[in-house]
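For reference, the structure discussed in these notes is given below.
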Amino acid sequence: MLFRGTIAIAILATFAANKTYANDIDVQFSGFASLTLSYTDDSDIGFASSYSNVNESGFSATRDSILGGQANISLAKNWDSVVQLVIQDHAFKSFDNFLELAFVRYRPSRNWAIRAGRLNSDLYLLSEYPYVGYAYLWVRPPHSYYSFANIAGNFDGIDVEYSKAINDGFLRLKLAYGSSTAKIQAYNDDFFIDFDNLTTLSATYSLDAWTMRFSLSRSNFGDYKLTALDEFITALELVPQSIWPQAQSISNKFNTKGNSIEYAAFGVTYDNNNWLIQSELGISESDWIIAPSVFSTYISAGYRVDDAIFYTGFTAAKNRHDVVEVNSPIFPPGTPEQFSVPIQQLAVATQSSVQITNVHQHSVNVGVKWHFSDRLVFKAQLDRFDIKPQGAGLWSLSNPADANKSNKVHILSLNASMVF
Amino acid sequence: MLPLCLLFVSFYAKSTEFVVVVNKSNAINALSKREIIDIYMGRYLTFPDGETSKPLDLPAQSALKNDFYLKLVNKDEQKINAYWARLLFSGRAKPPTPSASVEDAINKIAASQFAIGYIPLSQVTDAVKVVYTFD
């Protein structure tokens, strides 16, 4: 509630600063945009760059198109505020879901900064600015790594940062605490998940051409809203233990109660003369089956020739645990069909459900980023994704029964990204 | 003609000797290159003594601006623009305020006790105080 209040203050400050002529309050507006036309060649499987966005196959002009606006407000010496709104193809459309940043910051000294309100996480190298295409090499952040990460990209809470120049390098340490609600859609129904007690510790060190970041994060899964999941869990809990002993343990895996997720990530960037090389490696461990435990990584290398940077990269994501083996219910002789058939159907649905969130994919890409002017870049990128059987957890299958099939998907993207 | 122009721009850029200047009332008398990097790359928003710093840039896409950043952090303006897009839209810091010309930068620095800027050594006037000279 406190954080919601801070968000409201930050937004009010934007409007107040816009109307005031007080000497110590200054507001600056800026923005960024990406217009992307992309095509995927497999109509059985829908693609979105983020878990939170609409999955589509074929041509799309909205899939990676983004418009962002930001207000930087200087409130007083040592106090400022930032509000950022990002319009994109979110599956769940609401003002709250488009509000990326709304915080008030206090800097008690040049080494310390404290922020409260809606904050961006710096769990990963790009997680502070995943929507600013102008600022990075690719059309979108590497899918295998950032697709799921984006759903907790911002949170309502507080963070404390300490920064210090160390010899020729610069170190930033940050501790953050808060909560977040991911608002997505599953099979045309609203799907909300609360991330409670979200705690992140990160360390970023820059030295000449090198930037390194190491981070740890932990969160409890809180309440969720998804009618179909409620019904599914209730149905599993109603199955008699004697017929299907596994039903209760599977029910616990689908229920958020008492479950948590932990992340560890390491990233490094080398940006020197004509070379730009970046790689990240992340590991998650989750008790909740819908947010799987994943190992994910990517490496990308770009080389600049005049105003163009040619790049190529490899990404991979794989579940760290095997898919849960679903045992068949065993019915005593003479069990009436009206009792056994629904349970058999529930078992089939369960088998499909435990497979559908599983992640196992890798991809390669090639592309070019062309600096047209100091505010506008153009990009062209071709991705080839290799999705293994029972590995399409970051995608949307048009037929969930196809979870056992493998898919090879090509995505061609043309993009214009600008800042203003 | 174009290669000749590029040669001229390149020669001009390499031959510029920069100084970093502040308002004459600023208590700071000297800065190290490290401290200038901290201010111009948005790492710290204050001078080492804790006073607010307001860095100024020379005009975008000018040889002077490009050359200054090459000498400061070995990054050209293209990389600096991407760097500042990252800092600005992650909410961490705002980029230096652009000036219309060297004269405009000198006037702004002379008028604000918090301002800091870089200008060619040959254009230094009594209106500002030199706190660093590039080798």
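Protein sequences appear in the order of chains A and B. For reference, each letter of the first sequence is one residue, going 1 to 420 in this note's numbering. For reference, each letter of the second sequence is one residue, going 1001 to 1135 in this note's numbering. Even glycine gets a Cβ: it sits at the ideal position worked out from N, Cα and C. Computed from a prediction, not measured in an experiment: that's the story for all the values here.
Within the continuous alpha helix (DSSP H) that includes residue i, where are the two ends?
i	result
A:Phe421	The question about residue 421 of chain A has no answer here: the residues shown for chain A are numbered 1 through 420.
A:Ser50	Element bounds for A:Ser50: n/a, residue is neither H nor E.
Measuring only the C-alpha atoms, how far is residue i from residue j?
i	j	result
A:Tyr21	A:Ser144	Below a pLDDT of 50, predicted positions are generally treated as unreliable, and A:Tyr21, at 48, falls in that range; no measurement from the model is reported.
A:Tyr136	A:Leu207	19 Å
A:Ala165	A:Leu171	6 Å
A:Phe47	A:Ser38	10 Å
A:Tyr187	A:Trp288	19 Å
A:Ile277	A:Ala301	4 Å
B:Trp1084	A:Ser284	31 Å
A:Ser249	A:Trp112	47 Å
B:Gln1078	A:His371	8 Å
B:Gly1042	A:Ser163	12 Å
A:Phe98	A:Arg63	15 Å
A:Glu262	B:Ala1111	52 Å
A:Phe95	A:Val83	13 Å
A:Pro389	A:Val359	9 Å
A:Ser352	A:Ile343	14 Å
B:Ser1010	B:Ser1122	Since pLDDT at B:Ser1010 reaches only 47, below the 50 mark, its modelled position is unreliable, and the value read off the structure follows with that caveat. Those two C-alpha atoms are separated by around 18 Å.
A:Ala176	A:Thr199	6 Å
A:Pro292	A:Ser286	6 Å
A:Ser406	A:Arg218	32 Å
With a 10 Å radius around its C-beta and 16 neighbouring C-beta atoms as the bar for buried, classify residue i as buried or exposed.
i	result
A:Glu237	exposed
B:Asp1067	buried
B:Asn1081	buried
A:Asn53	buried
B:Gln1061	exposed
A:Gln70	buried
A:Lys408	exposed
A:Trp244	buried
A:Asp230	exposed
A:Asp89	buried
A:Asn404	exposed
A:Asn319	buried
B:Asn1023	buried
Tell me the residue span of the beta strand (DSSP E) that contains residue i.
i	result
A:Thr200	Asp189 to Leu207
B:Ala1085	B:Ala1085 -> not in any beta strand (DSSP E); alpha helix (DSSP H) instead, spanning Glu1077 to Phe1089.
A:Ser219	Trp210 to Lys225
A:Asp159	Asn154 to Ile166
B:Val1130	Val1128 to Thr1133
A:Pro343	The displayed chain sequence assigns Ile, not Pro, to residue 343 of chain A. Element bounds for A:Ile343: not the beta strand (DSSP E) but the alpha helix (DSSP H), Glu337 to Ile356.
B:Val1054	The question names Val, yet the displayed sequence has Lys at residue 1054 of chain B. Segment Lys1054 to Asp1057, the beta strand (DSSP E) holding B:Lys1054.
A:Asn407	Asn407 to Val419
Compare the beta carbon distance of residue i and residue j with 9 Å and say whether it is the shorter of the two.
i	j	result
A:Arg384	A:Val368	no
B:Leu1058	B:Ile1109	no
A:Val160	A:Lys174	yes
A:Asp271	A:Leu226	no
A:Asp322	A:Ser215	no
B:Glu1051	B:Phe1114	yes
A:Phe420	A:Gly31	yes
B:Asn1074	A:Asn273	yes
**OP:** Check whether the stretch 176-196 of chain A touches the stretch 220-236 of chain A, counting contact only when three or more Cβ pairs, one atom from each stretch, lie closer than 8 Å.
**Re:** yes
**OP:** Answer yes if the stretch 117-136 of chain A comes into contact with the stretch 150-158 of chain A, meaning at least three C-beta pairs across the two stretches below 8 Å, and no otherwise.
**Re:** yes
**OP:** Flag this pair as touching only if the stretch 94-114 of chain A and the stretch 76-83 of chain A have three or more C-beta atom pairs under 8 Å; answer yes or no.
**Re:** yes
Original post:
Contact between the stretch 307-326 of chain A and the stretch 1085-1103 of chain B: three or more CB pairs below 8 Å?
Top reply: no
Original post:
Is it a yes or a no for the stretch 374-381 of chain A touching the stretch 391-407 of chain A, going by three-plus beta-carbon pairs under 8 Å?
Top reply: no
Subject >> Touching by the beta-carbon criterion (3+ pairs, under 8 Å), the stretch 1128-1135 of chain B and the stretch 1031-1043 of chain B >> reply: yes
**OP:** Would you check if the stretch 327-337 of chain A and the stretch 298-311 of chain A touch, i.e. whether three or more CB-CB distances between them fall below 8 Å?
**Re:** no
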